[in-house]
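This report concerns only the one structure given below.
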Amino acid sequence: MKRKAILIDHNKHRTTFIMIDILNANEILPYIMQDNVDKEFREIRELLKENLRNKEKYKKTDVSEKAKNIYEMRFVRNNRNDRIYCQEISFGAKRFIVMIELFVGKKTQNISKRIKSRIETMGGFEYELEY
Amino acid sequence: MNSNINERIKKDFEKSLAFIDTKEDLEYDARMIMYRFLSEIERIADKKGLNRKELAALIGTSPSYLTQLFRGNKLINMETIAKFQSVFNITFDIKAISNNVEKVSNDQNINKLNDTQNNIGLTA
C-alpha cells in the first residue's frame, strides 16, 4: 500500500517540493520546531529550495543500490548528531523530497546494520504525494 | 486522525515561516549568502574529485575549518573566497535582484499553498 506524504513547502518556481510522511509527522514535526533545530531546518529547507549543494546539511546516504533514492538531512549544531531520512522522487523537472523518519543521536560516522536495513526499507516506500 | 495531523502541520508550517527577530534574520541571511558561495565550491570540488582534505590543502587551511563553514558554525571571509577563486581560476558572478518582485511571488505562493492545503489533506 502506498504511504501518504503532504506538502509543507516549495520553491517559488514550484520545481522543488518539501513533503512529510504523514505517518511519521507526529515525531518529525515537534523535533524540527525545537529551538535551534528550527534554525537548522530553516537553512536546510532553503538550501533545497535553491538547489544548493552542502553535504554537511543534506547528502545521499549511499548505503546500497536499494536505498539509492534516500538522502539525509543532518542536524549537528549544539552537539547534536541527528538525521531525518528522506526519499527523493523526480517527475520530469519536479523534485519531491519526502521527510520519512527521524533518527536521533547518531553515535559514529559508520552506519550500523540495523540503520542500513531501515534505510533500505525506506528506499522501497512508494508514495502518494498530495501537493 | 489525519485531519488532526494536517491541522498541526499547517500550524507548525505557519510558525516556521514566522519572523524571528532582526538579529537572527541577519545571521540567517549571512549564512545563506555563504552557502551560495560554498555550493559552487562543492560543485567544482565534486567535479574535480576533490575530498574535503584536498580542498582544504589547496587553499592552505584545515579540513575542520571547511567543515565549520559548511555547517554554518563560522562565516567565511572574503580572503577565503578570493583563495577559492584563485585556485580554481574562477570568478564569482554577483548580481542584485529586487526583493519586491520576490515578495509578491512568495506571498502568492503562500496563498496558493494554503489553498492547496485546504483543498487536500486539511479538509480530509
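So the protein sequences, as listed, match chains A and B. In this text, residue positions in the first sequence follow our numbering: the first is 1, and each later residue adds one. In this text, residue positions in the second sequence follow our numbering: the first is 1001, and each later residue adds one. Each residue gets a CB set at the ideal place from its N, CA and C atoms; glycine is no exception. What you are looking at is a predicted structure, and each value in this text was computed from that prediction instead of being measured.
Own chain, CB closer than 8 Å to residue i, minus 5 neighbours either side, in chain order
i	result
residue 9 of chain A	17, 18, 45 and 49
residue 1062 of chain B	1056
residue 1104 of chain B	In this prediction, residue 1104 of chain B scores a pLDDT of 49, lower than 50, which makes its location untrustworthy; the coordinate-derived value is nonetheless stated afterwards. None.
residue 1150 of chain B	This structure cannot speak to residue 1150 of chain B, because chain B is shown only from 1001 to 1124.
residue 124 of chain A	66
Range covered by the beta strand (DSSP E) that runs through residue i
i	result
residue 102 of chain A	94-103
Bridge partner(s) assigned by DSSP for residue i
i	result
residue 16 of chain A	A:95
residue 73 of chain A	A:58 and A:84
residue 5 of chain A	A:21 and A:129
residue 64 of chain A	The partner list for residue 64 of chain A (beta bridge, DSSP) is empty, contrary to what the question assumes.
residue 90 of chain A	A:95
Other residues of its chain near residue i: CB distance less than 7 Å, five sequence neighbours each side excluded
i	result
residue 28 of chain A	20, 84, 99 and 102
residue 1114 of chain B	Reliability fails at residue 1114 of chain B, whose pLDDT of 49 lies under 50, so the model's placement of it is uncertain and the value that follows must be treated cautiously. No residues qualify anywhere along the chain.
residue 78 of chain A	36
residue 204 of chain A	Because chain A here runs from 1 to 131, residue 204 of chain A falls outside it and cannot be looked at.
residue 1120 of chain B	Note on residue 1120 of chain B: pLDDT 38, under 50, position unreliable in the model; the coordinate value appears next. Excluding positions up to five away in sequence, the list is empty.
residue 47 of chain A	54, 57 and 58
N-terminal and C-terminal residue of the alpha helix (DSSP H) that residue i is part of
i	result
residue 59 of chain A	No alpha helix (DSSP H) holds residue 59 of chain A; the beta strand (DSSP E) holding it covers 58-60.
residue 1068 of chain B	1063-1071
residue 1030 of chain B	1022-1048
residue 45 of chain A	37-49
residue 117 of chain A	113-123
residue 1078 of chain B	1078-1088
residue 53 of chain A	First-last for residue 53 of chain A: undefined, no H or E at that position.
residue 1055 of chain B	1052-1058
Contacts around residue i, its chain only, beta-carbon distance under 6 Å, and the 5 residues preceding and following it disregarded
i	result
residue 24 of chain A	101
residue 1083 of chain B	1059
residue 1065 of chain B	none
heavy atom of the ligand NAD below 7 Å from residue i C-beta
i	result
residue 1083 of chain B	Ligands are entirely absent from the displayed structure, and the ligand NAD is therefore not among its contents.
Quiz item: Is the stretch 47-61 of chain A touching the stretch 27-38 of chain A in the sense that three or more CB pairs, one from each, lie closer than 8 Å?
Solution: The stretch 27-38 of chain A makes no contact with the stretch 47-61 of chain A; the number of CB pairs closer than 8 Å stays below 3.
Quiz item: Contact between the stretch 1052-1060 of chain B and the stretch 67-75 of chain A: three or more CB pairs below 8 Å?
Solution: With a cut-off of 8 Å, the stretch 67-75 of chain A and the stretch 1052-1060 of chain B do not count as touching, because too few Cβ pairs lie within range.
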